[in-house]
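Here this note's numbering is used: the first residue of the first sequence is 21, the next is one more, and so on.
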Amino acid sequence: MREKKTFFISTSIPYVNARPHLGHALEFVQADIIARYKRLLNEDVFFLSGTDDNALKNVRAAEAAGEPVADYVNKNAENFRSLLRDLTISNDDFIRTSTDRRHIAGVEKLWNSCKKEDIYKKKYKGFYCVGCEEFKTEKILVSGECPEHLGVKLEEIEEENYFFKLSNYKDQIEKVIVSGELQIIPEIRKNETLAFIKGGLEDFSISRSKERAHGWGIPVPGDESQMIYVWFDALSNYITALGYAENSEKFTNYWQEGDERVHVIGKGVNRFHTIYWPAILLSAGIRLPSKVFIHGYVTIGGEKMSKSIGNVVDPNDLIKEYGPETVRHFLAQHTHPFNDTDLTIGRFRAVYGGDLVDGLGNLVARIMQLAQTHLSTKVQDLTAPELQKEYTEGFKSYRIDQVSDHVFREIRKVDSEIDHKKPFSVVKDDPEEGKRIISDLVKNLYHISYLLVPFMPETSKKITDAIIANKKPENLFPRKD
RNA sequence: GCCGGUGUAGUUCAAUGGUAGAACGAAGGACUCAUAAGCCUUAAACAGUGGUCCGAUUCCACUCACCGGCACCA
21 MREKKTFFIS TSIPYVNARP HLGHALEFVQ ADIIARYKRL LNEDVFFLSG TDDNALKNVR
81 AAEAAGEPVA DYVNKNAENF RSLLRDLTIS NDDFIRTSTD RRHIAGVEKL WNSCKKEDIY
141 KKKYKGFYCV GCEEFKTEKI LVSGECPEHL GVKLEEIEEE NYFFKLSNYK DQIEKVIVSG
201 ELQIIPEIRK NETLAFIKGG LEDFSISRSK ERAHGWGIPV PGDESQMIYV WFDALSNYIT
261 ALGYAENSEK FTNYWQEGDE RVHVIGKGVN RFHTIYWPAI LLSAGIRLPS KVFIHGYVTI
321 GGEKMSKSIG NVVDPNDLIK EYGPETVRHF LAQHTHPFND TDLTIGRFRA VYGGDLVDGL
381 GNLVARIMQL AQTHLSTKVQ DLTAPELQKE YTEGFKSYRI DQVSDHVFRE IRKVDSEIDH
441 KKPFSVVKDD PEEGKRIISD LVKNLYHISY LLVPFMPETS KKITDAIIAN KKPENLFPRK
501 D
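Shown next, in the form of structure tokens:
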């Protein structure tokens, strides 16, 4: 028996054809908050992030930029890595699918570990758009042409690829989802997945010809003419990062014998995580993830962020102007964890001014000023608060927004308490009573800083440090005009 | 087209078979420890129609509006 529960959590690995946008930041922050909460509960957490370097879109973007693919991918992967750092994301590891040996070895092992009858060669025929370098389903075509490359004739191409026999796993996957062995959050995504399964599952291709992949990616073991296609490759990062290839202790600890295995993903990749990925794992005799948490998107002015609309928000700009803690707070409390949330810069500013400048920042200033002036030493016997139901239950249901809202309610309560108890007046007539009130306020502030640990780790630490030093800190969130 | 969801104060969201809560915004007030912050008070809403029920915002049906999914999109 291990002394601590283990908790594995991952972000999806984005493809790196461009700089990260605010949607990526949302996923990183959500996963980080959960990871930090679990650490607060003293669980043994392994938090993984990384990049999907091998996607064909990367190749295309690199060629469009006139750069070698490896250089282009390295540069963008670094942008993602630095965004994680700038948002103070506490990932324990960062895997890259092109440069990490453990990944390449792991993918090969996973391919070879799938049941022989589940991987087979089949001719695939489809309409190929040379603009996108992708097969298009007839459904999305606009008068027989690719909607993104109108006027360009589609080619009907036939190619032989490896396929995965998804149809073999229909019943098993349905069963684990219904039973909750594989939990899908929220319910609406679970229903979508089940509806999809009900409609019947077709086998999916897991390789591309080497030419079409432009020689980029991981070759199919034993068949150099084919490259492993993105899904089989990318999804496997969750276990290859843990050392699946050499069957490491980490892999055993966090995955095969782990207590919880959670993937945080966007709604666009639901199917791949709740159907394809479990099927591959079942075929290879590997344990399934226990939870898939599916978030919505950040929209800008009601529209999806896209380069063509020109409304892409670079999280780095927001971080530069407002600081990482503000971005974290906004994404945590003012986006719905499951649904799409619209962002306007006005709303962002209002949250900064209201919650952080006038709310948290001001509360810290008023309490610590009182403490610094009237208390001769720092407050003794500071203890962690008992976590309230709103906090723990909120986390259990992944309503990060509601948990954060609860914390900010506590902040308002303390503000109200100061006004009612008037320590600044009491201390003049009855110094002992005044000091008692002030040290209680400091204890309340300490509790708040504790509750903030998952959300705003830096701010939490600054508050704690100020309490220990018994000194009013610099303005945590300066007013902006 | 098929399947699923949503429609609550100006805005973003919550709850509930029996006085509908909060935040932001708005109006007023008392205070001064604080980042001209904070506190207190007030105004303000159940998409529409019909049904079940003693009673519906809550359950059901329909209408309207919006959103999501419907296979190779991290």
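Positions of the beta carbon are idealized from the N, C-alpha and C atoms, including for glycine. Predicted model, so just to flag it, every value in this text is computed and none were measured.
>> According to DSSP, is Leu68 part of a helix, a strand, or is it coil?
In response: Position 48 of the first sequence, counted from the start, is the residue given in the question as residue 68. DSSP places Leu68 in the strand class (E or B) of the three-state scheme.
>> With a threshold of 7 Å on Cβ separation, who are the neighbours of Asp138 within its own chain once the five nearest residues in sequence on each side are excluded?
In response: As a first step, residue 138 must be located in the first sequence, where it is residue number 118. So the qualifying residues of the chain are Phe184, Lys185, Asn188 and Ser303.
> Any idea which residues DSSP pairs Lys324 with across the strands?
Replying inline: In the first sequence, the residue the question calls residue 324 occupies position 304. Paired residues: Thr319.
> What are the partner residues of Pro239, as DSSP defines its beta bridges?
Replying inline: Position 219 of the first sequence, counted from the start, is the residue given in the question as residue 239. As a beta-bridge residue in DSSP terms, Pro239 pairs with Met247.
> Which stretch, first to last residue, makes up the alpha helix (DSSP H) that contains Ser459?
Replying inline: Mapped onto the first sequence, residue 459 falls at position 439. Ser459: member of the alpha helix (DSSP H) spanning Pro451 to Leu471, first to last residue.
> Which residues in the same chain as Val89 place their Cβ atom closer than 7 Å to its Cβ, once the five residues preceding and following it in sequence are excluded?
Replying inline: One-based indexing of the first sequence puts residue 89 at position 69. Asn78, Val79, Ala82 and Trp236.
>> By the DSSP assignment, the beta strand (DSSP E) with Gly286 in it spans what residues?
In response: Locating residue 286 in the first sequence gives position 266, counting from the first residue. Residues Glu280 to Gly286.
>> Quick check on the DSSP output: the alpha helix (DSSP H) that includes Arg499 runs from which residue to which?
In response: Along the first sequence, one-based indexing puts residue 499 at 479. Note, Arg499: premise wrong, no alpha helix (DSSP H); not H, not E.
> Tell me which same chain residues have a C-beta within less than 6 Å of the C-beta of Met388, skipping the five on either side of it?
Replying inline: Taking the first residue of the first sequence as position 1, residue 388 is located at position 368. Hits under 6 Å: Ala486 and Lys492.
> Where are the alpha helix (DSSP H) runs, 4 residues long or more, that stay fully inside the region 399 to 453, in chain order?
Replying inline: Qualifying alpha helix (DSSP H) stretches, in chain order: 409 to 416, 420 to 441 and 443 to 449.
>> If I follow the unbroken alpha helix (DSSP H) through Arg367, where does it start and stop?
In response: Numbered from its first residue, the first sequence carries residue 367 at position 347. Membership of Arg367 in the alpha helix (DSSP H) is indicated by the continuous run Ile365 to Val371.
> Residue ranges of each alpha helix (DSSP H) run of no fewer than 4 residues wholly in the region 103 to 158, ordered along the chain?
Replying inline: List check, alpha helix (DSSP H) in window: 121 to 133.
> With Met476 and Glu341 assumed to form a contact (beta carbons below 8 Å), what rounded beta-carbon distance in angstroms separates them?
Replying inline: Along the first sequence, one-based indexing puts residue 476 at 456. Along the first sequence, one-based indexing puts residue 341 at 321. That belief does not hold up - the Cβ atoms of Met476 and Glu341 are roughly 17 Å apart, past 8 Å.
>> For a quick check, are the C-beta atoms of Pro451 and Ala45 less than 7 Å apart?
In response: Counted from its first residue, the first sequence places residue 451 at position 431. Counted from its first residue, the first sequence places residue 45 at position 25. In this structure, Ala45 does not lie closer than 7 Å to Pro451 by Cβ.
> Going straight from the alpha carbon of Val49 to that of Lys143, what length do you get?
Replying inline: As a position in the first sequence, residue 49 is number 29, starting the count at 1. As a position in the first sequence, residue 143 is number 123, starting the count at 1. Here the alpha carbons of Lys143 and Val49 stand approximately 42 Å from one another.
>> Could you check whether Phe415 and Tyr182 sit closer than 7 Å to each other, using their CB atoms as the reference points?
In response: Within the first sequence, the letter at position 162 stands for residue 182. Within the first sequence, the letter at position 395 stands for residue 415. Cβ distance not < 7 Å, so Tyr182 and Phe415 don't count as in contact.
> Which residue's Cα is closest to the Cα of Gly43: Glu323, Lys463 and Lys24?
Replying inline: Stepping through the first sequence from its first residue, residue 43 is reached at position 23. Nearest C-alpha to Gly43: Glu323.
> With burial defined as no fewer than 16 other Cβ atoms inside 10 Å of the residue's Cβ, what is the status of Ile488: buried or exposed?
Replying inline: Here residue 488 corresponds to residue number 468 of the first sequence, with the count starting at 1. With fewer than 16 other Cβ atoms within 10 Å, it is exposed.
> For Val65, which residues of its own chain have a beta-carbon under 6 Å away from its beta-carbon, when the five flanking residues on both sides are left out?
Replying inline: Residue 65 sits at position 45 when you count from the first residue of the first sequence. Within its own chain, the residues whose Cβ lies closer than 6 Å to the Cβ of Val65, once the five positions on either side in sequence are excluded, are Phe27, Ala55, Lys58 and Arg59, listed in chain order.
> Who pairs with Arg228 in a beta bridge, going by DSSP?
Replying inline: On the first sequence, position 208 is the one that residue 228 refers to. Answer is Met247, bridged to Arg228.
> For Thr355, which three-state DSSP category applies?
Replying inline: As a working mapping, residue 355 is identified with position 335 in the first sequence. Three-state DSSP puts Thr355 in coil, outside helix and strand.
> Which residue from Asn331, Leu383 and Tyr296 puts its Cα closest to that of Leu497?
Replying inline: On the first sequence, position 477 is the one that residue 497 refers to. The displayed chain sequence assigns Phe, not Leu, to residue 497. Ranked by Cα distance from Phe497, the options Asn331, Leu383 and Tyr296 are led by Leu383.
> Can you name the residues that DSSP bridges to Ile387?
Replying inline: Reading the first sequence from its first residue, position 367 is the one you call residue 387. Answer is none; Ile387 lacks a bridge partner.
>> So Ile420 and Pro357 are supposed to be a Cβ contact under 8 Å. How far apart are they, rounded?
In response: Here residue 420 is taken as the residue at index 400 of the first sequence, counted from 1. Here residue 357 is taken as the residue at index 337 of the first sequence, counted from 1. So it is a contact: roughly 5 Å between Cβ atoms.
> Would the beta-carbon of Val196 fall within 7 Å of that of Ala97?
Replying inline: For this step, residue 196 is matched to residue 176 along the first sequence. For this step, residue 97 is matched to residue 77 along the first sequence. In terms of Cβ geometry, Val196 and Ala97 do not form a close pair [threshold 7 Å].
>> So for Asp378, helix, strand or coil by DSSP?
In response: The residue labelled residue 378 in the question sits at position 358 within the first sequence. The answer is helix: DSSP assigns Asp378 an H, G or I state.
> When the Cα of Val447 is compared with those of Ala385, His394 and Ala370, which residue comes out closest?
Replying inline: Residue mapping note: residue 447 aligns to position 427 of the first sequence, counting from 1. Of the residues Ala385, His394 and Ala370, the one whose Cα lies closest to the Cα of Val447 is His394.
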